[in-house]
Every structure is written in structure tokens, then in C-alpha cells.
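Q: In my numbering, the protein residues as written are 1 to 345. Sharing a structure with you now.
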């Protein structure tokens, strides 16, 4: 899909309407999709990411910016919120580079803290909604397909939160995801990571371990990135923490999507479980492209995930950015607040 904001229409915008049928974007089927050509917008108006023509002066950004102020980005059809610089200052690029990293491995979830020089492996006592074996299968399948290539940092894991506040990126693993501190046992051993000796703390299964269902912990606001734009390597997993009956919806018809062959079935299945939702929901991105997600209770509350192809690396500082993207003459996408360039296919 190629969006031409200055022309007012989208070329080759693929919708989910089968030939000769009603729109069935929420259903599976074998009918081919038809290309959708939007009509030209009137002079002075711009197309929003839903495809509607709007006048910039008439766009209200309050609902997109959680009651705050913002400005309409005509090139992308969405609002940029005024609180971006303040939120970005809570964790600068240096801060992001020092955050613990989480990966899926044969041992479990590995949390690597380069500042503390430690590695923690979580393999038991995980939330029952998380199918670790399935994530390990996908990771191993990816590594097998990329065998022989000099690629690192595969099978990364990041965390998001969907709640009545909206869609947020989480800079750290949520406490609700970890086994209870007073129920964990550790064994210490020496392991080598990145050429240095580090402590390996392995979580041991305990017969008495149970996750308290009523335990609620507030997320540190400094670790929250509202309306995130995130760069991921192919094969990375996002784990959403679901609260207040809100869940992520794949915004399939957004003009910012590149519409590769993404299987959105798990998101549709998640929606069918509402209002009885799991506490956590995981999805592994196996194709490169840009993907837009909206909150189930507010389609204007969005998050964007950019998955780069094999051989392209996401800079550490681009783990999370805020809405505010500009395209320069070289075709590079830059997240303004973090000053990181990510080359899109």
C-alpha cells in the first residue's frame, strides 16, 4: 500500500472485501481481496488513517491524546500529542539503552540486565495465559530458517499494556508477570554472556508456588510510554497485559499498515473471549512491515509496531518512541523524540 497524502488518495490500498461480497474483515475466507481506491479529497482537506477526508482545523485531538492537546499530522492522518517531549524525557535514549532485555530461549524467558551484569531465567510459575512452549517453538523455527546468518538478538520480548487509559508500551517487565518474590527460589552459577562473567539466577519450580489472583500492582509511570511506536526485529514477541476489559485490536484497515501476510486470527480470537479476558496475551511477529493496533474501547487510541526484515537492526534507543514521525528525502522514518532512524522496506 502506498499512501499519497498530498494527492489525497491511496494507491493499491488493499481492503478485506472479497470480490462480489460484503466486507468480511473479521472473518476467514478464501476469496481474493480487491484493491480499494479512495476518491480524491477536496482541496485543503487531508485523509485520516481510516481513509476519511478531514480538514486539519476541524480535527479534535482530545480523544486521541487522553484529554490533552495535540496537532494533526497530515502526512499520517493521526494526532501527535503535546505531552510527547515530557514523557520522552522520563527515559532518554541512554536510559533505554540500559534497560533489561528479555528473550525467549530454550531455558525459558531470559531477562538480561547489562547494568547489573545479571541474567534471570523464568521457566516456572509463569502466568497460565502464556504458552511458553509455543513461543519457544516459533523461536527455534525462526533460528533454523536463519541458520548461518550473523544475526543476534533474535526472539526478543517486549511488553505492552491495554487498559481504560489506552495502549501503553512498558519499558520493563510488569511485576504481575514475574513469579512472586517471596515464592521464588534461586540457584547461583557462573555463566558467560557477552564475554563477561555474570550471575545466572534460575527460577526453580516450587510445589507451594501459586500466583495470587487478586494481587494488583501499580505500574511505575516512568516506565510507561503512551501511544507507542516500536521497532522490532522479525521474530520478536509482544506480550500485552490486559486490564479493565480492554484488549488490542489489529487495525487492519489503517492506511499506515503495509498489509503483508499477517495472521490476525489470534487477535480476533482474543476479541471473542471478551469480557472474560486473559491477564496476558502474546503474539509473535513473523513478517516484516508496519502494523497498527487500536484499543478495543477507543479506535483513536493506537500503537504502531514496525517490524524490520532480517539483517536490519533496531537501535536500542528505538525500543519505544512516541507518536511524532517524519519522513525525510531519503525515505527514512525517524521517531522525533528519540532521534532514531529506522529504514522501512
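C-beta: ideal position from N, C-alpha, C; glycine also. These numbers come from a predicted model, not from an experiment.
Is DSSP giving residue 242 helix, strand or coil here?
A: strand
Q: With a threshold of 16 other CB atoms inside 10 Å of the CB of residue 41, please say whether the residue is buried or exposed.
A: buried
Q: Along the chain, where does the beta strand (DSSP E) containing residue 120 start, and where does it finish?
A: 118-122
Q: Counting only runs that start and end within the segment 246-292, where is the alpha helix (DSSP H) found for 4 or more residues in a row?
A: 265-273
Q: At which residues does the beta strand (DSSP E) containing residue 302 begin and terminate?
A: 298-308
Q: So, do the segment 269-281 and the segment 105-124 have three or more beta carbon pairs nearer to each other than 8 angstroms?
A: No contact exists between the segment 269-281 and the segment 105-124.
Q: If you draw a straight line from the alpha carbon of residue 119 to that of residue 37, how long is it in whole angstroms?
A: 51 angstroms
Q: What does the Cβ neighbour count give for residue 55, buried or exposed, with the cut at 16 atoms within 10 Å?
A: exposed
Q: Measuring CB to CB, does residue 233 end up less than 8 angstroms from residue 154?
A: yes
Q: Tell me which same chain residues have a C-beta within less than 8 angstroms of the C-beta of residue 82, skipping the five on either side of it?
A: 65, 68, 69, 70 and 71
Q: Please return the same chain residues whose Cβ sits closer than 6 angstroms to the Cβ of residue 211, not counting the five positions on each side in sequence.
A: Confidence at residue 211 is low in this model, with a pLDDT of 45, below 50, so the placement of that residue is unreliable and no value is reported for it.
Q: Which same chain residues end up closer than 7 angstroms to residue 314 when comparing Cβ atoms and leaving out the 5 residues on each side of it in sequence?
A: 231, 232, 233, 308 and 342
Q: Closest to residue 90 by CA distance: which of 291, 171, 293 and 254 is it?
A: 171
Q: Return the first residue and the last residue of the alpha helix (DSSP H) that residue 137 is part of.
A: Residues 132-145.
Q: Sort out for me which residues DSSP pairs residue 237 with in a bridge.
A: 157 and 284
Q: What is the DSSP secondary structure of residue 57, reduced to helix, strand or coil?
A: helix
Q: I'd like the list of long-range same chain contacts for residue 365, defined as Cβ closer than 6 angstroms, with 5 residues on each side in sequence excluded.
A: Nothing in the structure corresponds to residue 365, since the chain is present only between 1 and 345.
Q: Can you tell me which of 320, 159 and 50 puts its alpha carbon nearest to the alpha carbon of residue 240?
A: 159
Q: Can you grab the Cα-Cα spacing for the pair residue 123 / residue 176, in whole Å?
A: Distance between the alpha carbons of residue 123 and residue 176 is about 15 angstroms.
Q: Would DSSP call residue 88 helix, strand or coil?
A: helix
Q: Are residue 259 and residue 302 touching if we call contact CB-CB under 8 angstroms?
A: no
Q: Tell me, please, whether the CB atom of residue 226 is closer than 8 angstroms to any CB atom in chain D?
A: No chain D appears in this structure, which consists of one protein chain only.
Q: Going by CA-CA distance only, name the one from 43, 75 and 50 that's closest to residue 299.
A: 50
Q: With DSSP collapsed to three states, give me the class of residue 64.
A: coil
Q: I'd like to check one pair, residue 167 with residue 293: are the Cβ atoms closer than 8 angstroms?
A: yes
Q: Could you please give the first and the last residue of the uninterrupted beta strand (DSSP E) stretch that includes residue 164?
A: Residue 164 -> no beta strand (DSSP E), and no H or E assigned at all.
Q: In the DSSP assignment, what residue or residues form a beta bridge with residue 49?
A: Answer by DSSP bridge pairing: none, since residue 49 is not bridged.
Q: Output the distance between the C-alpha atoms of residue 144 and residue 286, rounded to the nearest integer angstrom.
A: 13 angstroms
Q: Could you give the distance in angstroms between the alpha-carbon of residue 179 and the alpha-carbon of residue 243?
A: 19 angstroms
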